[in-house]
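Inspection log for the structure reproduced underneath, given as structure tokens.
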Amino acid sequence: MSVPDSPTPADAGALREEARRLLAANDTGSFIKPSLGQYPHQWNWDTAFIAIGLRHLDRVRARDEVRTLLRGQWGDGMVPHILYPDGASDYFPTPEYWQGDGVEGAPPFPTSGLTQPPLLATAVRRLHDDAPDRDASLAFVEEVYAKLLAWHRWLHAARDPDATGLVAIVHPWESGTDNAPRFAPAMEAIVEPTPPPYVRADGAHVRLEERPLPRDYDRYMHLIGLFRSWRWSAEAIYDGSPFLVQDVLFNAITHRAESDLAALARDLGEPTEELDAWREASAAAFESRLWDGASGRYLDLDLRAGRWLTEDSFVTLAPLFGGIPTPERARELVARHLGDPERFAPGEAANGVRTRYLVPTHAKGSERFEPRRYWCGPVWMNVNWLLVQGLRAYGMDDRADAIVRDSLELVRRSGFVEYYDPRDGTPCGSRSFSWSAALTVDLLEVG
Ligand code: GLC
Numbered sequence: 019m020s021v022p023d024s025p026t027p028a029d030a031g032a033l034r035e036e037a038r039r040l041l042a043a044n045d046t047g048s049f050i051k052p053s054l055g056q057y058p059h060q061w062n063w064d065t066a067f068i069a070i071g072l073r074h075l076d077r078v079r080a081r082d083e084v085r086t087l088l089r090g091q092w093g094d095g096m097v098p099h100i101l102y103p104d105g106a107s108d109y110f111p112t113p114e115y116w117q118g119d120g121v122e123g124a125p126p127f128p129t130s131g132l133t134q135p136p137l138l139a140t141a142v143r144r145l146h147d148d149a150p151d152r153d154a155s156l157a158f159v160e161e162v163y164a165k166l167l168a169w170h171r172w173l174h175a176a177r178d179p180d181a182t183g184l185v186a187i188v189h190p191w192e193s194g195t196d197n198a199p200r201f202a203p204a205m206e207a208i209v210e211p212t213p214p215p216y217v218r219a220d221g222a223h224v225r226l227e228e229r230p231l232p233r234d235y236d237r238y239m240h241l242i243g244l245f246r247s248w249r250w251s252a253e254a255i256y257d258g259s260p261f262l263v264q265d266v267l268f269n270a271i272t273h274r275a276e277s278d279l280a281a282l283a284r285d286l287g288e289p290t291e292e293l294d295a296w297r298e299a300s301a302a303a304f305e306s307r308l309w310d311g312a313s314g315r316y317l318d319l320d321l322r323a324g325r326w327l328t329e330d331s332f333v334t335l336a337p338l339f340g341g342i343p344t345p346e347r348a349r350e351l352v353a354r355h356l357g358d359p360e361r362f363a364p365g366e367a368a369n370g371v372r373t374r375y376l377v378p379t380h381a382k383g384s385e386r387f388e389p390r391r392y393w394c395g396p397v398w399m400n401v402n403w404l405l406v407q408g409l410r411a412y413g414m415d416d417r418a419d420a421i422v423r424d425s426l427e428l429v430r431r432s433g434f435v436e437y438y439d440p441r442d443g444t445p446c447g448s449r450s451f452s453w454s455a456a457l458t459v460d461l462l463e464v465g
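In my numbering, the protein residues as written are 19 to 465.
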């Protein structure tokens, strides 16, 4: 099938309608789950991506997505990465596995004890900025603002107690890019994992060749076992977790979210000093702690090992989403990474790997690149969306247009799936994936 460069109105209308149908099918009545089989509960950053797209279809409902997620907020401000308001399913980890009940400040229904990239404030700002019903929208912002701020306060207090300016993640799942090879050295440092007994369930819905390896799963569960033995104390976890990383992506999203919170604060007449101070500190720390001038990349910092994680992944481009690099550095980063067929550009790398679609999540010249395994190389629609936003903010519209074109071609030929093989677009992972549908709508509407 030949695919036009930009969608005709009829084609865009059909895609939008398909996306609407998928989101309706994944609607549980109170929230939209990430996918039909594999992910039957409510996930944190999925909710933000879904709300961003859903606002073009049903803005009132998009606000409700934000509200339902915030119902899972813990007393200390943490917003968990998974909420199980309807109890157990065939998903693993089960609600019980987290052993969160009875923990002080936990909500009345089970949740995970981890968090995920705080994209929610950005979603709320998008929802508010183009809302035609200004009064209702402002009332909504007023309703959620303090909760969003509490989450960010928790991030800085619990995850940056030494005031470095950057927040740390304590589990790869908190990055949202669960199985990313960039974390491999930090995970391999857990030499003999002792996970509490568990049985994986992902093989029931998705081909295991496209999922994390058993050795990674043992380490995920090992970390959860430790944290639950510490009764989810944020202090104990920060002090004791063998995995402690200042992740470029997580911090770029945090920085962007705090700029968006400041914009919301101004609309509400709330002070912005605290937010301004966080943003200033994190911008400086991106430069002093995460920028490797020698390789010209932003790199995650492994706090336990005291060194950078140097695998070549898309995260070096994530600071554009945060608005962090100077325009000159942003252009260099893009030319050097997005424009390089050894890494992310279409074409053939020296190792013979030939890709067609933007943007592989891991550099194809890397030995750890695997085009169909979860986060080890496939194209993900949310990553493409984040990069499009960053490129547009720096005026690199041609680059952004190319990513939008590839994204639309992928969803047209392979549907709204979880991820795509960057060589030929083969659909991977879970089918009927909500954020792929929602973000397609946003790309069609806003570009
Ligand atoms: C996978 C992704 C994570 C997402 C979740 C639900 O675990 O890695 O980012 O939130 O699925 O879609």
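Each residue gets a CB set at the ideal place from its N, CA and C atoms; glycine is no exception.
Segment limits, alpha helix (DSSP H) that includes residue i
i    : result
D236 : 232-247
D415 : 415-432
V325 : Looking at the sequence itself, residue 325 is Arg, so the reference to Val does not match. R325 -> not in any alpha helix (DSSP H); beta strand (DSSP E) instead, spanning 325-327.
D257 : 252-258
L481 : Residue 481 cannot be examined here, being either before or after the span of the chain that is shown, 19 to 465.
V78  : 77-88
G31  : 27-43
V159 : 152-177
G71  : 62-72
R349 : 345-351
N269 : 266-286
H99  : No alpha helix (DSSP H) holds H99; DSSP gives it neither H nor E.
L138 : 138-147
G408 : 399-411
W453 : 452-463
E206 : 202-206
Status (buried if at least 16 other CB within 10 Å, exposed otherwise) for residue i
i    : result
S448 : buried
D460 : buried
N369 : exposed
R325 : exposed
M19  : Model confidence at M19 stands at a pLDDT of 37, short of 50, so the residue's coordinates are unreliable; what they give is reported in the following sentence. The residue in question, M19, is exposed, as its Cβ has fewer than 16 Cβ neighbours within 10 Å.
S193 : buried
P22  : In this prediction, P22 has a pLDDT of 47, which is less than 50 and means its spatial position is unreliable; nothing more can be read from the coordinates.
G311 : exposed
V78  : exposed
Y437 : buried
D64  : buried
A42  : exposed
L443 : Leu is not the amino acid found at residue 443; the sequence shown has Gly there. Buried.
S450 : buried
D278 : buried
A323 : exposed
G47  : exposed
R315 : buried
A456 : buried
L286 : exposed
Cβ-Cβ distance between residue i and residue j below 8 Å
i    : j    : result
T474 : P440 : Residue 474 lies beyond the range of the chain shown here (19 to 465); nothing can be said about it.
P288 : Y163 : At residue 288 the sequence reads Glu, which differs from the Pro that was named. Yes, the pair counts as a contact, with Cβ atoms nearer than the cut-off.
I16  : R177 : For the chain, the structure presents residues 19 to 465; residue 16 sits outside this window and is missing.
A467 : F387 : The chain is shown from 19 up to 465; residue 467 falls before or after that span and cannot be answered.
V371 : L262 : no
L376 : A420 : yes
L40  : F434 : yes
P113 : P128 : yes
Q56  : T86  : no
S452 : I50  : yes
H99  : L132 : yes
V84  : A141 : yes
M414 : V352 : yes
T458 : L166 : no
L327 : A204 : yes
S454 : V429 : yes
F67  : N400 : yes
Q536 : L335 : Nothing in the structure corresponds to residue 536, since the chain is present only between 19 and 465.
L409 : P25  : no
L319 : P135 : no
Q172 : M96  : A quick correction: the sequence has Trp, not Gln, at residue 172. Yes; because the gap between Cβ atoms is below 8 Å, this pair is in contact.
Element boundaries [beta strand (DSSP E), containing residue i]
i    : result
R297 : Note, R297: premise wrong, no beta strand (DSSP E); alpha helix (DSSP H) at 291-303.
Chain C within 8 Å of residue i, Cβ atoms only
i   : result
R34 : The structure shown has no chain C; it contains just one protein chain.
Can you find at least 3 beta carbon pairs, one from the segment 388-403 and one from the segment 224-238, that sit closer than 8 Å? The segment 388-403 is in contact with the segment 224-238.
Residues proximal to the ligand GLC by C-beta, any heavy atom closer than 5 Å: P52, Y57, W61, D64, G194, D196
Any contact of the segment 327-334 with the segment 194-201, i.e. 3+ C-beta pairs under 8 Å? The answer is yes - the segment 194-201 touches the segment 327-334, with three or more Cβ pairs under 8 Å.
Taking one C-beta from the segment 268-280 and one from the segment 296-316 each time, how about it: are there three or more such pairs within less than 8 Å? Result yes; three or more Cβ-Cβ pairs closer than 8 Å.
With three or more beta-carbon pairs closer than 8 Å as the criterion, would you say the segment 137-156 touches the segment 116-123? no
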